[in-house]
Amino acid sequence: MSQKIFNTRTRTKETFTPIKEGAVGIYVCGITAYDVCHIGHARAAVVFDVVVRYLRSRGYEVTYVKNFTDIDDKIIDRANREGVDFREISERYIQAHDDDMAALGVQTPTVVPKATEHMVEMITLIKNLEEKGYAYSVAGDVYFSIRDFKPYGGLSGRNLEEMMAGARVDVNDKKKNPLDFALWKNSKEGEPFWESPWGKGRPGWHIECSAMSGRYLGETFDIHGGGEDLIFPHHENEIAQSMASTGKPPANYWMHNGFVKINSEKMSKSLGNIFPVQEILKNYHPEILRLFMLQSHYRSPVDYSEESLTEARTALIRGYRTLQLLKEARMQFPAEARQESSGLSEKAESYISRFAKLAEKFDEAMDDDFNTAQALGYVFEMVRLTNNFIVEEKKMPAPEKAAILEEAQKVFDRFGEVLGVFHGDPDSFFMADQETELRKRGLKIDAIEDLVRQRQAARQNKDWSRADELRKELAAMNIVLKDSPAGTTWTVE
RNA sequence: GGCGGCAUAGCCAAGUGGCUAAGGCAGCGGUCUGCAAAACCGUUAUUCCCCGGUUCAAGUCCGGGUGCCGCCUCCA
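In this note's numbering, the protein residues as written are 18 to 510.
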């Protein structure tokens, strides 16, 4: 099956055909660096991270460009409020963004260009638009004239008349048309500026993406992505600029991720329901957040709540328990001792072929417009099948077990590599998760282990009532015990 | 006002014309266990918001209705 992508421009799922066989150029609108990243930024980042990971895993050579808007009104506002240079603000929040992304396991894009480092490209592009008659300058500002660009509205499915009818009164009377947008803004006294043919000023918001995508990916590239709120006006304007300049559409496929809602409401500063990534990661292992988001299709809205993260954590633990069982079993039955595939019994072959079938289904789901929710369904079926194997096939000859365990691990490695979930060492995961949970609940590891030791002693004396009492005491702290012949282990629920 | 989306079990969530409607969480019964936990096995939607239509066949397509949401202004 071939890769399918839902293209916002046509509102249909289309077969993905890259411009250059075996290679993909993708541009995703990044953040404006004026504040820390919230869960909505995290979703966009994780969605496109998985898109890129999957395409790479299928053998495409992917050039992934994600920009930073490091000059903008909001950055200037913040710099003024804090009394610092705007660069200090943008650098601070770019660093914070990079830290958050690293924590979330989001791979660094191939190129991470900044607007301020591409002034030459932007000015050249604006000049070109002016020469071709698509732009006009007024008192140091330059505007794009949408009336002169006939296809305007093609991405968002609007036409000019509709928009004119619904347009609010624009206070900017320099514009010929209220829907015209700024390519270049004249700088006011004390604002940062760059020299240009129109005087001292700074670029408008949309132009940077046209300039940078063009520079790194060419006039037309494969995929352009971003949050669904960017469809209009940002991406519409990008298309207008690029097409007016080059005569070609900038991207063949437009992908937009859905929003993160909070209790079914839009996240917004006015509602005060912004959840910064840093805050969430204080209380939840990063993979919990990834799993939570990937359990829904990327175009659907997701509703964030503590409960849904807690559910995702339970599911994540389930998967990692299996990976832990698998790890232990593989130590017992190492790959070196495995049976050659030619000599496997029918039963062993049946396990391996079922693994392969799930891996195939996983790819089919991902091929179908990156359906991570469905793909995760197969991941969990793999979890069940692996558990089932480990529990049921105790008596299978060691070389066969080793062969099957090896295959199972390979399948999980692939899933983990694509989703960025279930990819780490299970013991490290449990340690990190435990640390987070203990910190969140204000529990001390020493106090817990002391109680566990006391209970161990009681158990050795077969003082079951004392042991149960201690179990209850620990349960009150959300500590769940697991007794095994090797001793007692505990987890935070 | 214009444009667009969504409605599937107690909750979350895939599925967009045809095998038994994925998967996760929660619940229940069983195996295991000193008791538990985990894991495994079994079980939980005769039905996909409502009404009508197309079709041999619809959760899936069409028309109408109801409810919720997003964009049209900076926004992932």
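Idealized CB from N, CA, C, for every residue including glycine.
Small disclaimer: the values here were computed from a predicted structure and weren't measured.
- Restricting attention to 86, 88, 232, the CA atom closest to the CA of residue 142 is found in 232.
- Around the C-beta of residue 49, 16 or more other C-beta atoms lie within 10 Å, and the residue is accordingly described as buried.
- Annotation for residue 379: 392, 395 place their beta carbon closer than 6 Å to its own, counting only its chain and skipping 5 residues before and after.
- Contact between residue 384 and residue 19 holds, since their C-beta atoms are separated by about 7 Å, short of 8 Å.
- Each residue's CA atom was taken as its position, placing residue 375 and residue 250 some 41 Å apart.
- Taking the C-beta atoms as reference points, residue 419 is found no nearer than 9 Å to residue 476.
- Taken in chain order, the whole alpha helix (DSSP H) runs of length 4 or more contained in the segment 405-440 are 415-436.
- Beta bridge pairing from DSSP links residue 220 with 201.
- Secondary structure note for residue 63: its alpha helix (DSSP H) is the uninterrupted segment 56-74.
- Rounded to the nearest angstrom, the gap between the Cα atoms of residue 173 and residue 433 is 35 Å.
- As for any alpha helix (DSSP H) of minimum length 4 sitting wholly inside the segment 126-164, the runs are 136-148, ordered along the chain.
- The beta-carbon distance between residue 272 and residue 22, rounded to whole angstroms, is 6 Å. This is short enough to meet the 8 Å contact definition.
- Taking the Cα positions, residue 449 is about 31 Å away from residue 85.
- For residue 97, the uninterrupted alpha helix (DSSP H) segment begins and ends at 90-99.
- Between residue 214 and residue 129, the alpha-carbon positions lie close to 27 Å from each other.
- In the DSSP assignment, the residues bridged to residue 274 are 244.
- Three or more beta-carbon pairs separated by less than 8 Å link the segment 314-323 to the segment 268-285, which places the two stretches in contact.
- In terms of CA proximity to residue 303, 122 leads the group 225, 122, 242.
- Per the coordinates, the alpha-carbon of residue 230 lies some 17 Å from the alpha-carbon of residue 88.
- Its Cα nearest to that of residue 240, the residue 24 stands out among 24, 209, 316, 508.
- In this structure, DSSP gives residue 31 an extended state, which the three-state scheme calls strand.
- Under the DSSP definition of a beta bridge, residue 493 lacks any partner.
- Where residue 42 is concerned, the enclosing beta strand (DSSP E) starts and stops at 40-45.
- Distance from the CA atom of residue 508 to the CA atom of residue 498, rounded to whole angstroms, is 7 Å.
- Sequence-distant Cβ neighbours of residue 106 in its own chain, meaning closer than 8 Å and more than five residues away, are 50, 51, 92, 95, 96, 99.
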